[in-house]
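Numbering (my numbering), first residue to last: -19 to 311.
Each residue gets a CB set at the ideal place from its N, CA and C atoms; glycine is no exception.
Every value quoted in this text rests on a predicted model; they were computed, and no experiment measured them.
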Amino acid sequence: MWESLRASYRLARLCLLTVLLGTGLSVSAAPRERLVLAGPTAAVSFPLIHMAETGALADWARTVEFRHWKSPDQLRVLLAKQEVDFSATPVNLPAIMANRGMSVRLLNVSVWGLLWFVSADPDVRTVADLAGKPLLTTFQRDLPALLLERLLDAQGLTGEHAPVIRYARDAQDATALLLTGEARSALLPEPSVSLLLAQNTRRGGAPLHRVQSLEDAWRGAFPDHPDLPQAGIMANAGVAGDRALGEAFTRAYDRSARWCKAEPAACARLVHKHLDFLPVEAIEASIRVTRLESRDAQAVQPDLEALYGLILQHNPEAVGGRLPDAGFYGP
């Protein structure tokens, strides 16, 4: 009798596996030994830290850890060496990798606004007021630089009307130039802006103010596609084929993102444990002003393709020369 039951059980499992494979779903094996979640100094990473701290993927891996990366170039190295499994990323980087034949997937878009124009010039109230004036930024080759170029073009800020762009080495260098008055206006990401404004207040320096977010300016310049997907989470080659894990990850990330937005003070304290060079107050302020909203990549594919298409017209190499295939989007 027991042999008959075991045979029936094996047959049932085989049938279930056949059904799952027929629907294109993959089945995870036993829990992995380790999953590495990676991200930059930005709100897109904060849910990853919460996931690692709260055991959100405990059913899928014995150890889950967060790893901080400091530049897109460093992330490219980590991904090439397959030292991270899931990473926060600017939305164009996984498109480049996929179009080069790498098995990566963009699971979601979670950050729709993190770039701000700041200025000590009281006459600068919108991006248009920067015409012909110096503008400091830390971005030279990456996605924010591409967005800035397209925004300036759309607003007619070209030629003699274009801001005079100066590049800082990094956010720390840009902050120092603004605090000492060597620069008056800048485009910077969060949480660098919140940290800059807090430091300037403590120092009693000349007033600095948030001029306008790049995303607000973008909505006015591109009304047909007002939402600007900037950063999300990609699955690296080692996990991209595991749809069950990808779906579980996406659900867990969404829960953690909603918690961070609902509990910015608690989230800031948690993040500070991993990014202790950032004051808790600056982390909390950045959460409050950042549009952190996790949405599946499949659901926002039209927004992504609109952005990729715009980049293709001017900088095709920045998305790998073409639109990614349909299988690139989503868990």
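Taking C-beta atoms as the reference points, Arg271 and Trp92 count as a pair closer than 8 Å. Spatial neighbours of Ala286 in its own chain (CB-CB distance under 6 Å, excluding positions within 5 residues in sequence) are listed in chain order as His205. Leu86 places its beta carbon less than 8 Å from that of Gly212. Counting only unbroken stretches of 3 or more residues, the beta strand (DSSP E) elements lying wholly within the region 122 to 198 are 144 to 147, 165 to 169 and 189 to 193, in sequence order.
For Pro102, the secondary structure class from DSSP, reduced to helix, strand or coil, is coil.
Taking the CA atoms as reference points, Phe119 sits about 25 Å from Ser274.
In this chain, Val84 is not harboured by any alpha helix (DSSP H), its DSSP state being neither H nor E. Taking 8 Å as the cut-off, the beta carbon of Leu116 is found no closer than this to the beta carbon of Ala75. By a beta-carbon distance limit of 8 Å, Leu194 does not contact Leu177. Their separation comes to about 17 Å. Look at Thr118 here: in three-state DSSP terms it is coil, with no helix or strand label. Under the three-state reduction of DSSP, Asp276 is assigned to strand.
Using a 10 angstroms sphere on the CB of Lys241, the tally of other CB atoms reaches 16 or more, which defines it as buried. Annotation: Glu13 is outside any alpha helix (DSSP H); the continuous beta strand (DSSP E) that includes it extends over Arg12 to Gly19. Cβ neighbours of Leu126 within its own chain (closer than 7 Å, five residues either side excluded): Ile291, Asn295 and Ala298.
Separation of Val219 and Pro169 (C-alpha to C-alpha, rounded to the nearest whole angstrom) is 29 Å. The region 38 to 53 makes no contact with the region 245 to 253; the number of CB pairs closer than 8 Å stays below 3. Sorting Leu123, Asp122 and Leu131 by C-alpha distance to the C-alpha of Leu110 places Leu131 at the top. Proximity to Pro187 across Asp103, Ala201 and Leu28 peaks at Asp103, based on C-alpha coordinates.
In the structure shown, Pro296 falls within a helical segment according to DSSP collapsed to helix, strand and coil. For Pro52, the enclosing alpha helix (DSSP H) stretches over residues Pro52 to Ala60.
A residue is called buried once 16 or more other Cβ atoms fall within 10 Å of its Cβ, and Tyr309 is buried on that count. In the displayed model, Trp40 falls within coil according to three-state DSSP, outside both helix and strand.
Taken atom to atom, the span from the alpha-carbon of Gln281 to that of Lys113 is near 36 Å. Ranking His30, Gly35, Thr21 and Ala163 by CA distance to the CA of Arg14 puts Gly35 first.
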